[in-house]
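Read through the structure below, which is laid out as structure tokens, and then see the notes.
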Amino acid sequence: GQVAVKDPETTGSAMTKFTTYLVVGQIGGRSPFSIRRRYSDFEWLRKALCTNFPGIRVAPLPKKNVLGRFEESFVEARRAGLEEFLQRCFKSRQLS
Numbered sequence: 007g008q009v010a011v012k013d014p015e016t017t018g019s020a021m022t023k024f025t026t027y028l029v030v031g032q033i034g035g036r037s038p039f040s041i042r043r044r045y046s047d048f049e050w051l052r053k054a055l056c057t058n059f060p061g062i063r064v065a066p067l068p069k070k071n072v073l074g075r076f077e078e079s080f081v082e083a084r085r086a087g088l089e090e091f092l093q094r095c096f097k098s099r100q101l102s
């Protein structure tokens, strides 16, 4: 399968601000998919993979950051890290 993380969008006001990322891909011969997800969704996925596949190394997520998390350079670095996380999961024979 193939997967990419694109087009980060930050929405909300000062207290409710968050960034979503567009996840696009295709698994096997199935139809392509695209869906917006927050960082917390990636945390949930990693936890679920670790729980359901004990003993299998699951790729790490990019680090959380409290300050500067909406700055363009941080958002882009996080996007790239999330994409790498998903690509490593897709390539793992133990997780597929």
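Take the sequence shown: its position 31, counting from 1, is numbered 37 in the working numbering, and each next residue is one higher.
Quick reminder that beta carbons are idealized off the backbone N, C-alpha and C, glycines included.
Own chain partners of residue i with C-beta closer than 7 Å, once the 5 adjacent residues on each side are dropped
{"i": "Ile62", "result": "Gln100 and Leu101"}
{"i": "Ile41", "result": "Val29"}
{"i": "Phe48", "result": "Leu67, Leu88 and Phe91"}
Rounded C-alpha distance that separates residue i from residue j
{"i": "Val29", "j": "Phe96", "result": "13 Å"}
{"i": "Lys53", "j": "Phe76", "result": "24 Å"}
{"i": "Gly31", "j": "Ser37", "result": "9 Å"}
{"i": "Gly7", "j": "Gly35", "result": "9 Å"}
{"i": "Ser98", "j": "Gly74", "result": "32 Å"}
{"i": "Asn58", "j": "Pro14", "result": "29 Å"}
Cβ separation of residue i and residue j, assumed to be a contact under 8 Å, to the nearest whole Å
{"i": "Val11", "j": "Glu78", "result": "Val11 to Glu78, Cβ: 16 Å. No contact."}
{"i": "Thr25", "j": "Thr16", "result": "5 Å"}
Per DSSP, the bridge partner or partners of residue i
{"i": "Gly34", "result": "According to DSSP, Gly34 bridges with nothing at all."}
{"i": "Ser40", "result": "Val30"}
Contact set for residue i: own chain, Cβ-Cβ below 6 Å, skip 5 residues either direction
{"i": "Arg84", "result": "Pro68"}
Item checked: Inside the region 44-88 only - alpha helix (DSSP H) runs reaching at least 4 residues -> When DSSP assignments are scanned along the region 44-88, the uninterrupted stretches of alpha helix (DSSP H) that are 4 or more residues long and fall wholly within it turn out to be 45-58.
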